Amino acid sequence: MENIVGSLSRLDTVPKRVQFLADNCPDRELFVFYEGEKRTSFTCVQVFRLAGRFADRLRHRYGFSRNDVILNTLPNSPERMITDLGITLAGCTCMNGQIIFADSSGLFLLATNSRCKGIIMKPADESSNWHVFNPYITGNVSDDIIQLSCDRIPDLTTVITVSRNSQRSLKPFLEDLQDSTDDIFIDPSVSPHDILYVFTTSGSTGYSKLVPRTQAEAIDIAVNTPFSKDVKSGASVFYCDRSLGWAGGYPFSTFCLGDKRVLQDEYSRRRLTTGEEIWDVICREQCNIASIRPMDVEGIVKYICSIGVTDYKLKALVSAGQPLTKAHVINELIISETVVVIYASTEASFLSGGIITDATFDDFYCGKPAPGVELKIIDDHGDECKPRQTGTILAKGGQLFKGYFNRLEDPDSNTVTCFTNDGWLNTDDVGFVDEEGNIYVIGRGTDTITYRKYVLYPGWLEAKILQHPDIADAVILSVLDRFPETFSGKPDKQRLRKLAEQRFGIK
1 MENIVGSLSR LDTVPKRVQF LADNCPDREL FVFYEGEKRT SFTCVQVFRL
51 AGRFADRLRH RYGFSRNDVI LNTLPNSPER MITDLGITLA GCTCMNGQII
101 FADSSGLFLL ATNSRCKGII MKPADESSNW HVFNPYITGN VSDDIIQLSC
151 DRIPDLTTVI TVSRNSQRSL KPFLEDLQDS TDDIFIDPSV SPHDILYVFT
201 TSGSTGYSKL VPRTQAEAID IAVNTPFSKD VKSGASVFYC DRSLGWAGGY
251 PFSTFCLGDK RVLQDEYSRR RLTTGEEIWD VICREQCNIA SIRPMDVEGI
301 VKYICSIGVT DYKLKALVSA GQPLTKAHVI NELIISETVV VIYASTEASF
351 LSGGIITDAT FDDFYCGKPA PGVELKIIDD HGDECKPRQT GTILAKGGQL
401 FKGYFNRLED PDSNTVTCFT NDGWLNTDDV GFVDEEGNIY VIGRGTDTIT
451 YRKYVLYPGW LEAKILQHPD IADAVILSVL DRFPETFSGK PDKQRLRKLA
501 EQRFGIK
């Protein structure tokens, strides 16, 4: 595998690397998806052929052109992985599509700013999101293409439907690609400076924003992950259920270095994955590295305690995305030899990290700054804080992004406000450094509430609640109690239900 990685290092785009993997290790498993007990794997050559055929359809059947932005709303699934890569091979730009707000205002904003030409969705009978686009459908609706016309998003004209079921004359999407006579297409003009992917931020800083990453940046991120040595040696079997459309879940090292990625198939899932299901998959696949949310680690530990013991341990558990406490680490060390704590963001990628082998550390620890990264803490007046003085974290260097993606306004207004005059990124995170230069991240400094995997927006919710005639004022704030009590009057249930249907598309 080291010889393969050495050869890959000479290839400067993701399409070149994926094709190289297909040519030189065609039968190597690249992705493994689990849907309950069902295991579905894809080798390097299968991934390349399926994605290449979808790329051919994009350019030669559906009419997309070089650098067109295509928004992908599919959940983690083989279909999502193949369509994402197909967009890349076609020389188009893939953008993550997520509907955070019930009125879809966030999606419309992202689609407008990116001037996206197409969107990939499940068909209407498989998705609750079609209420967003139903008013804008024009002309005939074919099996896999729907034409749109919307004044709010004038560039968006095409919906590509992807289904796991037969659609009139079409077989299920992946089966249809497998059996098709479409050519395997790769745009030969793709360069290292082209945008590979437009990621959306999770929303913990407010409305999701668009963060572009080029082909060259993607390869740099893959090569410089904290566990890249395991990838280069061919020893990495990586379990990660983060969204494929988020920077923390995109398969950088899988596409760029050929490591094996294991994840849950969310296409048809109607409930949260249990700790038992996650641990069963990790043990079956002998995953040695995993990125698991603390809430899921808690579920795994509860399951292990219920059966008494486990004879398997991860080599490393990556902990990122929320402040780390001793309680988290105690759980994480039950299932892993080490905890790799990472402080990162969509805009800045890997900022700091450290390795924890026991619970003798201070809460919120995030290790030392990554190579090439500078971090400093400032107070409300812009002055640099003393050790252990809490303030706002600023970052410079490393894999810092150049600015938010916006094809209507350049530069994007958020880009102007997120950088200081001397080039530091304001992360909007709150933390401090100790006397040894370790960074500690306490949490967000913005008007959002993060609970488990959910991000709540008080301002947006308050405005919607105030639209109800029986509510005079509304304030939403976080409560530390695990089961907070609620204090309310008795608004009419039917009127509330009607409001929800009208405003949020809820039936």
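Read in UniProt numbering, the sequence shown has 72 at position 72, and its numbers run on one by one without any break.
Note that CB positions come from ideal geometry on N, CA and C, so glycine has one too.
As the structure is a computational prediction, the values presented were derived from the model and not from experiment.
- In its chain, beyond the 5 residues on either side, 21, 22, 25, 26, 28 and 30 have a beta carbon closer than 6 Å to the beta carbon of residue 44.
- In this chain, residue 12 is not harboured by any beta strand (DSSP E), its DSSP state being neither H nor E.
- With respect to the 8 Å criterion, residue 119 and residue 58 are not classified as neighbours on the basis of their beta carbons.
- About 6 Å separates the beta carbon of residue 173 from that of residue 79, a gap short enough to meet the 8 Å contact definition.
- Distance from the CA atom of residue 151 to the CA atom of residue 237, rounded to whole angstroms, is 46 Å.
- In the displayed model, residue 374 falls within a strand according to three-state DSSP.
- When C-beta atoms of the segment 79–91 are compared with those of the segment 8–19, three or more pairs fall below 8 Å, so the two segments count as touching.
- Residue 331 is a Cβ neighbour of residue 301, given a cutoff of 8 Å.
- Pairing residue 178 with residue 50, the inter-Cα distance amounts to about 6 Å.
- Scanning 372, 316 and 41 for the CA closest to the CA of residue 287 turns up 316.
- Uninterrupted alpha helix (DSSP H) stretches at least 4 residues long and entirely within the segment 326–373 occur at 326–335, given in chain order.
- Counting only runs of 3+ residues, the beta strand (DSSP E) found wholly inside the segment 266–334 occupies 289–291 and 314–319, in chain order.
- Note that the segment 258–278 touches the segment 291–307; at least 3 beta-carbon pairs, one per stretch, sit closer than 8 Å.
- Judged by their CB atoms, residue 164 and residue 250 are not nearer to each other than the 8 Å cut-off.
- Note on residue 7: under 16 other CB atoms within 10 angstroms of its CB, so exposed under the neighbour-count rule.
- Across the structure, residue 74 and residue 434 are spaced so that their CA atoms are roughly 43 Å apart.
- The straight-line gap separating the alpha-carbon atoms of residue 193 and residue 358 is approximately 42 Å.
- Per the coordinates, the alpha-carbon of residue 350 lies some 12 Å from the alpha-carbon of residue 218.
- Here residue 240 is bridged, per DSSP, to 291.
- Around the beta-carbon of residue 81, 16 or more other beta-carbon atoms lie within 10 Å, marking it buried.
- Per the C-alpha coordinates, the member of 424, 327 and 337 positioned closest to residue 312 is 337.
- If you keep only unbroken alpha helix (DSSP H) runs of at least 4 residues inside the segment 171–210, you get 173–179.
- Per DSSP, residue 80 lies in no beta strand (DSSP E); the unbroken alpha helix (DSSP H) holding it starts and ends at 78–89.
- Beta bridge pairing from DSSP links residue 94 with 70 and 197.
- The beta carbon of residue 356 lies closer than 7 Å to those of 329, 338, 339 and 341 in the same chain, with the five residues before and after it left out.
- In this chain, residue 264 is not harboured by any alpha helix (DSSP H); it is covered by the beta strand (DSSP E) spanning 260–264.
- A contact is defined here as three or more CB-CB pairs under 8 Å, and the segment 209–224 meets this definition with respect to the segment 187–201.
- Relative to the Cα of residue 322, the nearest Cα in the group 126, 430, 476 and 124 belongs to 430.
- Here residue 35 carries a strand assignment [DSSP, helix/strand/coil].
- Taking C-beta atoms as the reference points, residue 415 and residue 423 fail to come closer than 8 Å.
- DSSP places residue 114 within a helical segment (H, G or I) once states are collapsed to three.
- Cβ-Cβ separation between residue 94 and residue 72: approximately 6 Å, consistent with a contact (criterion under 8 Å).
- As the crow flies, the alpha-carbon of residue 396 is around 14 Å from that of residue 428.
- Counting along the chain, residue 223 sits inside the alpha helix (DSSP H) bounded by residues 215–223.
- For residue 371, the closest C-alpha among the options 92, 353 and 89 is that of 353.
- Excluding residues up to 5 positions away in sequence, 92 and 117 lie with their Cβ nearer than 6 Å to the Cβ of residue 68 in the same chain.
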